[in-house]
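Oh and the sequence shown: position 105 is 123 in our numbering, straight run, nothing missing.
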Amino acid sequence: MQYDLQPNPQHLDIADKGIRFVHNIVDTIAFYAVLFFQSMLMGGLLGIIPEEDSVWFLLYYLFLYVMFHTLCEHLFGKTPGKFITKTKVVKKDGSKPTFINLLGRNAARFVPFDPLSFLLSERGWHDQLSDTYVVRDAKKS
19 MQYDLQPNPQ HLDIADKGIR FVHNIVDTIA FYAVLFFQSM LMGGLLGIIP
69 EEDSVWFLLY YLFLYVMFHT LCEHLFGKTP GKFITKTKVV KKDGSKPTFI
119 NLLGRNAARF VPFDPLSFLL SERGWHDQLS DTYVVRDAKK S
């Protein structure tokens, strides 16, 4: 796999790092809200309370994190933060990524130091590994 060290495709209106930082904050808040409500559901209604420092809790947390982002982007075309910042994820040709692209993109967020990769390039490693781009949404939905 070759990493995209070349300039971004000219036809894409790439979202800048500031916008990406904002939608990351919004998505983090939204994810923790989902985590809170599902914990209340599992603990309150089902009586399932995972031990916080167990391996199963960590695996469940990681699974839920990846699936939250992947399902939002697959079903709605964007996460809550991307709705607010009017951005979306696309492939190099501007088309909608497949579920597998999105799953790989969001699983790659756990590559060590992925957030710091934005200091080294315009696109983070999770973008480069999945060959996706975050662009301004022309529809402004």
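Beta carbons: idealized from backbone N, C-alpha and C, even for Gly. Bear in mind that the values here come from a model prediction, so they are computed numbers and not experimental data.
So for residue i, helix, strand or coil by DSSP?
i	result
arginine 141	coil
lysine 114	coil
threonine 97	coil
threonine 150	strand
valine 107	strand
aspartate 132	helix
Which word fits residue i, buried or exposed, when buried means at least 16 other C-beta atoms lie within 10 angstroms of its C-beta?
i	result
valine 129	exposed
phenylalanine 75	exposed
glutamine 24	Confidence is the limiting factor: at glutamine 24 the pLDDT is only 49, short of 50, which leaves the residue's position unreliable and the question unanswerable from this model.
glutamine 20	Confidence at glutamine 20 is low in this model, with a pLDDT of 46, below 50, so the placement of that residue is unreliable and no value is reported for it.
threonine 46	exposed
glycine 112	exposed
glutamine 56	exposed
alanine 48	buried
leucine 77	exposed
threonine 150	buried
serine 72	exposed
Considering only the alpha carbon of each residue, which of the options lies closest to residue i?
i	options	result
histidine 29	Gly95, Val52, Val108 and Leu93	Val108
phenylalanine 81	Gly99, Lys157, Leu53 and Lys96	Leu53
phenylalanine 39	Leu137, Gln146 and Asp155	Leu137
glutamine 146	Lys157, Asp132 and Asp155	Asp132
cysteine 90	Arg123, Lys157 and Leu134	Arg123
histidine 87	Ser72, Asp34, Asp71 and His41	His41
Less than 9 Å between the C-beta atoms of residue i and residue j, yes or no?
i	j	result
asparagine 32	arginine 127	It is worth fixing the name first, because residue 32 is isoleucine in this sequence and not asparagine. No. Outside cutoff.
phenylalanine 117	histidine 92	yes
threonine 105	valine 153	yes
alanine 125	valine 84	yes
lysine 114	glycine 95	yes
Kindly examine the ligand MG and report whether one of its heavy atoms sits closer than 8 Å to the Cβ of residue i.
i	result
glutamine 56	As presented, the structure is devoid of all ligands, the ligand MG included, so that no description of it is given.
Scan the stretch 24-53 and note each continuous alpha helix (DSSP H) run of 4 residues or more that stays entirely inside, going in chain order.
none
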